[in-house]
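Worksheet for the structure shown next.
Residue numbers (the working numbering): 5 to 126.
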């Protein structure tokens, strides 16, 4: 299992445990209240101030920041989509930032993600 698959699994578990904060407002509130365990930011975000704000808040509070390539992919992982009968994602909404405040239950993906964060930092 690679890092992105592990991240996807952790985000799904966090969503089920109501430990996922999506969007700039929710992310900033979670980081500033020091509830954030992990922050995920999309690299294709076109707002420079948005990325600068999230990066600065994460550095100030010492929250790990992971960057993913596409906001559409992050939106799908964060549950901002409709699923059709086949289970395929439809009408995916872009999401530039997601903050995890509760990982949910232990999983293989969480172990891989924590090893990455503890070994490599950001």
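C-beta: ideal position from N, C-alpha, C; glycine also.
Original post:
Comparing the CB of residue 17 with every heavy atom of the ligand GDP, is any distance shorter than 8 angstroms?
Top reply: Only the bare structure without any ligand can be found here, which leaves the ligand GDP out of the picture.
**OP:** Using three-state DSSP, classify residue 65 as helix, strand or coil.
**Re:** helix
**OP:** Go ahead and label residue 51 buried or exposed: buried means 16 or more other beta carbons lie within 10 angstroms of its beta carbon, across all protein chains shown.
**Re:** exposed
**OP:** Specify, as a first and last residue, the run of the alpha helix (DSSP H) that residue 11 falls within.
**Re:** 7-20
Original post:
So what does DSSP say about residue 101, is it helix, strand or coil?
Top reply: strand
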